[in-house]
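> Chains as they are written, first to last, in my numbering: chain A, 1 to 251; chain B, 1 to 251; chain C, 1 to 251; chain D, 1 to 251; chain E, 1 to 251; chain F, 1 to 251; chain G, 1 to 251; chain H, 1 to 251.
There are 8 protein chains.
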Amino acid sequence: MNESELKKLLEAVRDSEMSIDEACGKLKDLPYADLGFASVDHHRAVRTGYPEVIYGENKTPEQIGMIMSELAPKGGNIMATRCTAEMYLKVKEIVPEAVYFHKARIIALVQKEDTDSAGTVAVVTAGTSDIPVAEEAAVTSELMGAEVIRVYDVGVAGIHRLFARMKDIERADAVVAAAGMEGALASVLGGLVNVPVVAVPTSVGYGANLNGISALLSMLNSCANGVGVVNIDNGFGAGYLAALIAGKCSK
Amino acid sequence: MNESELKKLLEAVRDSEMSIDEACGKLKDLPYADLGFASVDHHRAVRTGYPEVIYGENKTPEQIGMIMSELAPKGGNIMATRCTAEMYLKVKEIVPEAVYFHKARIIALVQKEDTDSAGTVAVVTAGTSDIPVAEEAAVTSELMGAEVIRVYDVGVAGIHRLFARMKDIERADAVVAAAGMEGALASVLGGLVNVPVVAVPTSVGYGANLNGISALLSMLNSCANGVGVVNIDNGFGAGYLAALIAGKCSK
Amino acid sequence: MNESELKKLLEAVRDSEMSIDEACGKLKDLPYADLGFASVDHHRAVRTGYPEVIYGENKTPEQIGMIMSELAPKGGNIMATRCTAEMYLKVKEIVPEAVYFHKARIIALVQKEDTDSAGTVAVVTAGTSDIPVAEEAAVTSELMGAEVIRVYDVGVAGIHRLFARMKDIERADAVVAAAGMEGALASVLGGLVNVPVVAVPTSVGYGANLNGISALLSMLNSCANGVGVVNIDNGFGAGYLAALIAGKCSK
Amino acid sequence: MNESELKKLLEAVRDSEMSIDEACGKLKDLPYADLGFASVDHHRAVRTGYPEVIYGENKTPEQIGMIMSELAPKGGNIMATRCTAEMYLKVKEIVPEAVYFHKARIIALVQKEDTDSAGTVAVVTAGTSDIPVAEEAAVTSELMGAEVIRVYDVGVAGIHRLFARMKDIERADAVVAAAGMEGALASVLGGLVNVPVVAVPTSVGYGANLNGISALLSMLNSCANGVGVVNIDNGFGAGYLAALIAGKCSK
Amino acid sequence: MNESELKKLLEAVRDSEMSIDEACGKLKDLPYADLGFASVDHHRAVRTGYPEVIYGENKTPEQIGMIMSELAPKGGNIMATRCTAEMYLKVKEIVPEAVYFHKARIIALVQKEDTDSAGTVAVVTAGTSDIPVAEEAAVTSELMGAEVIRVYDVGVAGIHRLFARMKDIERADAVVAAAGMEGALASVLGGLVNVPVVAVPTSVGYGANLNGISALLSMLNSCANGVGVVNIDNGFGAGYLAALIAGKCSK
Amino acid sequence: MNESELKKLLEAVRDSEMSIDEACGKLKDLPYADLGFASVDHHRAVRTGYPEVIYGENKTPEQIGMIMSELAPKGGNIMATRCTAEMYLKVKEIVPEAVYFHKARIIALVQKEDTDSAGTVAVVTAGTSDIPVAEEAAVTSELMGAEVIRVYDVGVAGIHRLFARMKDIERADAVVAAAGMEGALASVLGGLVNVPVVAVPTSVGYGANLNGISALLSMLNSCANGVGVVNIDNGFGAGYLAALIAGKCSK
Amino acid sequence: MNESELKKLLEAVRDSEMSIDEACGKLKDLPYADLGFASVDHHRAVRTGYPEVIYGENKTPEQIGMIMSELAPKGGNIMATRCTAEMYLKVKEIVPEAVYFHKARIIALVQKEDTDSAGTVAVVTAGTSDIPVAEEAAVTSELMGAEVIRVYDVGVAGIHRLFARMKDIERADAVVAAAGMEGALASVLGGLVNVPVVAVPTSVGYGANLNGISALLSMLNSCANGVGVVNIDNGFGAGYLAALIAGKCSK
Amino acid sequence: MNESELKKLLEAVRDSEMSIDEACGKLKDLPYADLGFASVDHHRAVRTGYPEVIYGENKTPEQIGMIMSELAPKGGNIMATRCTAEMYLKVKEIVPEAVYFHKARIIALVQKEDTDSAGTVAVVTAGTSDIPVAEEAAVTSELMGAEVIRVYDVGVAGIHRLFARMKDIERADAVVAAAGMEGALASVLGGLVNVPVVAVPTSVGYGANLNGISALLSMLNSCANGVGVVNIDNGFGAGYLAALIAGKCSK
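Next up, the structure:
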């Protein structure tokens, strides 16, 4: 029951076309969401401008293309994560305007360029192998309207590389730190910047890295303050949270 | 906003004392639960007769007593789990009618004896050390109105003990299987009875039992059908689920 | 020794064709199961109407077809889980009447339609990726005679979707909740319905989902009452348990 | 080497009182931090207003009191976490102005009341047992100048309780979600609000909660976007990150 | 139904005092164990001479004393494991003949000295801290009639100590290897002797020994052949299995 | 230095052809094993008759063939485990007498048939999927000269199947219990037989079976006595240990 | 800012071409590393002679060839680990002088043969399957100028093999112990040599070896002193650390 | 059989007082260690100067005192780790010259001051809570003759603290890095120094630090080269290995 339907019901009551009891019953018999959750959806609408997201891992290109086509008329940006170049070719047949971010493995339908500043996000990686996750974060942030500063391959074993780039990093409203192996980057960064750090552990490494658990635990146990952690390899989640923070900060 | 308030609002609309827009706004601005969730609570009411439950582990006797006092006027049974005898003595000062089930470590305020049959639950244990968990299950089932058949210390290493008691077990509408160590009881029982088995792993054992994880995994991997598992040492949960099933079955 | 053989033995005793000692010896020398376990089998017979189940994962189509052929004369339903479409084509050559449930990955030989009501099961999923597990549960329940209500893609991150479907879910005698990732659906559902919830964690997700362990632990630790858990991705087990409960309830 | 010392050195060069080689050598032989890291400390200064934090777990009251005394002249707020009431009594003898937040287990020396708005943080818990962790978060946020909205005991098993409080929660610039057991609160909240959610798993529960690992994994696998996770029971870290975000947002 | 009752039934059939159908029904309705499991118990009787065992961990001295008193008339040895000296003093009041093996933490009622050789067991430990577990094994083996050779503190980090004792160890029919930390003793021993090695990991160590898991995994992965493993700290189980093997071997 | 060389040295001393110091030096300078470990090897010789074993998993057929060729002249049996049929075809080109045990995945060169009884081993499995591991055990035992009784697919969920075969199992001197999923077979068997049980967990199952860890933990925590456990899927190790025990027992 | 640039700045100050304030500002505005970390890099230069290392696992041959080409002019040795023979063929097209160490899976550009002794490293393995990891260690040590003694397949289950090679091992300044399964080699070696032992667990094994975790835990819990552990299968790290120690020792 | 006994045997052979066969037999019948392992012990003697070590955790003061008394006549240093001040008071009654290192929890009998340089070890900690472990390492190194540089509380969250102390750390021949929580210190240090780093994870932290597992995994996955890891909280092992390396390096 949307607002106009609700108004019609109330008008019917006002005009005595519907009894109080009948109206009361109809309102009580509504599916749960219809009234109470109009409010919920209303609040969600504040998030307009954020992209619709499709988790592409277990979906066929046809499914992705179809969902994109359905969402397109809303006019916002739409992105599908974890997509291969092969998948893109097939999605493009269905949604010709779709573009592909190769390193980020993201297919996107960009319908809206956020021109007003939505803040700045720095995406920092420890190694070159962390770049796919970092790019997923970076492109996500960009699709949410943020400016993104990419600072890659500045792991703590050669800490002078990180320091050489600190001036860049300090410009950001939020920092994404992507690192595998021992994941120390998040702690070092957390101690150097004065904005929130979103730490994303990557599964880069082998053996006792336990597919990313090692970096995950490091980041959760960070001795630095102001660090929040997302799931292993969850570049999208990191980019989303960082852009959410940066967008707020820049306003 | 309860029903009478809703009716007043509608009457105000009918009597043109409130504009359509004002009424529409009020309905939209309601706290989430006020309308939609009246429905939820209504459905919960079907569960009347089931006891109110207080998890006593981290609460003081004073807190438990106070909560019991508050819930008492509703007239249903109230139970607090994981309570020591010492706690009971103090709760009794606040709620004199409270009784204590020693083995089950449950304090209960029994205000309603379910006289109509709510089904039969068999509570079976592998060893004597599993009895506290089993009693928590058994007393919970009883407070929910079920008849309980206790069959203790019939672990699979001496499987003739179990078979000697099968006639009793087969009378039940649902079976609780409580076992620590290797937890094999659930699988064997699952193969012998034709009613749902609620498996509750206990932390009984040492070393590679990993505080109950061993039994938990065994039960989850049961090669028998019709077995559902609850948390380690969660006698209450097992008893609740079994009585819920048995109560349905007996109707 | 089946019943007729037992009778013959007793007749021989009655007719003095066999001495007491000889009869006594024969009875004692019987393989374990022959007498005592006739009783076991008798009780199992109560479960007639439930399908025979073949776990297809590590079997060849030939093996599955052969087992189906052997079981067919009993007249009940037979199902093989975790079968691909390729396997079905080969099984069909051996058992031409076999049908294939694509989403559920189940090959079935349906010889008996349960026309009398065996209760209603709602199968609910958090996401679309949980559907294969959910379908395994749904088809299993249906082959056991239950009516199944499918409610898919109503995860808690968009909780209004779940509420919009609660009217449907509340019709069920038992609910299957299939969810991966954080598995929160089981807890939320457990708090909304007043029937047993069978929670089946799925391996959907990545990284810290640990192939389903995350959802499994969530479900075991559910703060809602009346929830029983089965193994990760065990749609069959969930459907079986739910139909077992629902079948009982509906009688 | 601070700035005035650096200037003196350069003046000595200018005045030919020091040779180029000698100056070059001195600059190269400086302890690492003396020049390059003056810059680091400068940037850290931006964080002025944030409290100095002492992790009290393994410290004696004497140590805590002494550190507080040393930090006091800087004029900012100072807080010590994980302190018992007994510890406070002894700390108070050394630092008489120190106050104690009982539920939060925090001793604080409040020297500065942030009167200008530093944003609003909602601290939400699933159960009453999560309150100590939540209070640690709430008091930390308050000491950083944030307004804090406390919404306790609104776990998802009785989800109408949460909805009844959503109006309050939606006022916040950042939300802390503290939950043990299955930790589903973070996902549900993440789907309802449009600000960052800082999820803090608590060790509340038993058995398969694995001392908080269950809630931790749930939160990391949240299907909702915009959720960052901190260590188990790390109320301080959650409160710090939330206030950091809220402070930025409110400017 | 024991043998005499069975004969009576058959006589009644023979004498036509009972119909075939009635007899058939009675035999089918027998409790499971009554006939079939007489056979089971009969086979168990072969194990006579082995001690009755009481796991003392969670039992009161009164319970232990009572169980011992009940078992005593059977005439065999009775042992209670994991008992403190304090417990012994109280058990002794109930069972005055009970003796206490201090290092092994075993209370025993020795009613039968096995004079005929039941084989030889060598019990070997890596360190001195493994001795309590080793003694539990050794005393168990002795109570089962085995001769026990104790070889303690011969861990592989000083492997000459082990070699100096090989002549003794080689006399055994079965070897118990008790070791904590890295548990390498089992592999080295397995390569040196030509009899079965029963490996018992101990929880001796700290940190990454994970309460014995490290030694357990080592022993399970032993590159030596002929090694069987029991639970962490399960001295009783190791001694029982070794004596079972040795007893067989010596016959 | 073998015995004849040692004698020559001593003769040289006796004949004063070598000084005491020179002899002493030579003896001290010997490689470690040359003297002391002749003894070790001598003892190992007692194990003659046991097959030489090659772990085939990571080896090429060429390597396996070559090792077999080298070991062949010793005259004993040689076996290579975890070999595919493809590998066998290539090994056969190098070692034409080699035979292949398909289900056991073992290539063997049988040069010696143990005609004198080396005891009897029963190999029991819970399901049909456990058969490859069981066959590896069975063939290993046979190659060590044991008679093997195969009892497959008698898991505890249909416990009458196990009882129906107990007469066969009871003939054995040692029992191998192979089971995946919840691994309950080992405990049940351990309670029914009076000989050692070698439990081998298999990786059969999915989800919470954790690739065999579930069955492994079950077996380690067995409440039955006389059970020793080997590594997951280690059919060879189980068969070796069982035959070692049985061989001893039968003498 | 390198030294010559720094001198130019100081000369400008001396020559009054630059004001004190301007110079001070420039020095403070330098990127972090430019001054302070010149010192860091200076110290790193001491490590000259050590090879540059490229982790080849996730890189394309093109990337590896390109990085090698860039590093080549520095004149030191360059190595890429975890490279297949196929990768080598493509790298060779870019860097024709590159050589391939097959067993070690290392592509190297050897531009400098360390003729002066950089110490001796013994690389010891438990089995033949550990050789790839061991070769990675050995070649790494050699590329760092160390003499390497290879002692393979001397696992502790046949400990005489190890002793027969001790004379060789004792020549080393540092020992690498590579072992999978139970990893006992490190402890035994640690007790026999008087130089540091670098233990590298390998993932060799199956089941409860947990992909190398078993050997890792064993090595961390070694009861021998003087043992340091690196990551599972990290042959490079072990060879690097051992050569670092040996190089120091030999000076 | 020591050297003089061996000579006597050879003299008896030379003097024809003992036959060749008898001598041969005696040599072969020697306990394993008597000849071959004299060599082992001889090599161990090279380690003279290193302290004898007693692991005090599970020992009584009486046991420690007694062992110290027995070892004292050898003249070397003796140390007992993990001892409380209370234990020291009792040990002192038995060994009056024993001294106590409070922070290191070490009781030592110092009989030999290593005046000749045995190298320099830097012991670095991330926080103040890591100091007990660090002191155990430092005192161990000192008792082995090394000079120790203590650099405490320089964790990476405030990395300028570490850089301010690098000049000190760079003087060392080996570095011990002790850190809990995320353990990032080892990686950062590993990248800054050109000597071996011995990383010792501490159990400092809570929640997802998993009692030190988090720091352990971080250190094992260090992206820096030249890092070897010891067990959690194993200060002794770290100090021993570092001093072993430093001692070698300084010669």
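We put the CB at the ideal spot given by N, CA and C, even for glycine.
(1) Looking only at its own chain, which residues have a Cβ that is under 6 Å from the Cβ of I94 (chain B), when we skip the five neighbours before and after it?
(2) Measuring alpha carbon to alpha carbon, tell me which residue in C:E182, C:A178, C:V198 and C:D168 is nearest A215 (chain D).
(3) Which residues share a DSSP beta bridge with I54 (chain A)?
(4) Going by DSSP in three states, I232 (chain F) sits in which element: helix, strand or coil?
(5) According to DSSP, which residues form a beta bridge with T125 (chain A)?
(6) Would you identify the three-state DSSP class for T140 (chain A), choosing helix, strand or coil?
(7) Anything in the segment 120 to 139 of chain G with a Cβ closer than 9 Å to a Cβ of chain D? List those residues in chain order, please.
(8) Beta-carbon separation of G180 (chain F) and V204 (chain F) under 7 Å?
(9) Can you grab the Cα-Cα spacing for the pair A246 (chain H) / A118 (chain H), in whole Å?
(10) When you compare only the Cα positions, how much space is there between E17 (chain F) and L192 (chain E)?
(11) Does the ligand NAD have even one heavy atom less than 6 Å from the beta-carbon of M68 (chain A)?
(12) How would you list, in chain order, the residues of chain D whose beta-carbon sits under 8 Å from the beta-carbon of I232 (chain B)?
(13) Quick one: is D130 (chain A) buried, meaning 16 or more other Cβ sit within 10 Å of its Cβ, or exposed?
(14) For the beta strand (DSSP E) holding R161 (chain D), just list the boundary residues, first then last.
(15) Could you check how far apart the C-beta atoms of I107 (chain F) and C83 (chain F) are, in whole angstroms? I think they sit under 8 Å.
(16) Is there at least one Cβ from chain D nearer than 7 Å to Y240 (chain A)'s Cβ?
(17) So the beta strand (DSSP E) E70 (chain H) belongs to, where does it begin and stop?
(18) Who are the Cβ neighbours of L244 (chain C) in its own chain at under 7 Å, not counting the five residues just before and after it?
(19) Tell me which residue opens and which closes the alpha helix (DSSP H) that Y88 (chain A) is part of.
(20) With 7 Å set as the bound, which would you pick, yes or no: does the beta-carbon of N225 (chain E) sit closer than that to a beta-carbon of chain F?
(21) Determine the contact status of N209 (chain D) and N221 (chain A), defining contact as a CB-CB distance below 7 Å.
(22) Within the same chain, show all residues whose beta-carbon is closer than 6 Å to that of P31 (chain H), passing over the 5 residues directly before and after it, in chain order.
(23) So, with DSSP's three-state summary, where would you put A172 (chain G)?
(24) Looking at G207 (chain B): is its Cβ nearer than 7 Å to the Cβ of V197 (chain B)?
(25) Taking contact to mean 3 or more Cβ pairs, one atom from each stretch, closer than 8 Å, check whether the segment 151 to 169 of chain A and the segment 91 to 105 of chain A are in contact.
Concretely, from the data shown:
(1) G65
(2) C:E182
(3) A:A80
(4) In this structure, I232 (chain F) counts as coil in the three-state DSSP scheme.
(5) A:A178
(6) helix
(7) none
(8) yes
(9) 7 Å
(10) Roughly 37 Å separates the two Cα atoms.
(11) As presented, the structure is devoid of all ligands, the ligand NAD included, so that no description of it is given.
(12) Y206, G207 and A208
(13) So D130 (chain A) ends up on the buried side.
(14) Element bounds for R161 (chain D): not the beta strand (DSSP E) but the alpha helix (DSSP H), I159 to F163.
(15) Their Cβ separation, rounded to whole angstroms, is 5 Å, which keeps I107 (chain F) and C83 (chain F) in contact under 8 Å.
(16) At least one beta carbon of chain D lies nearer than 7 Å to the beta carbon of Y240 (chain A).
(17) For E70 (chain H), there is no enclosing beta strand (DSSP E); the enclosing alpha helix (DSSP H) has its first and last residue at P61 to L71.
(18) none
(19) A85 to I94
(20) True, the Cβ-Cβ gap to chain F drops below 7 Å.
(21) no
(22) Confidence at P31 (chain H) is low in this model, with a pLDDT of 36, below 50, so its placement is unreliable and no value can be given for it.
(23) coil
(24) no
(25) no
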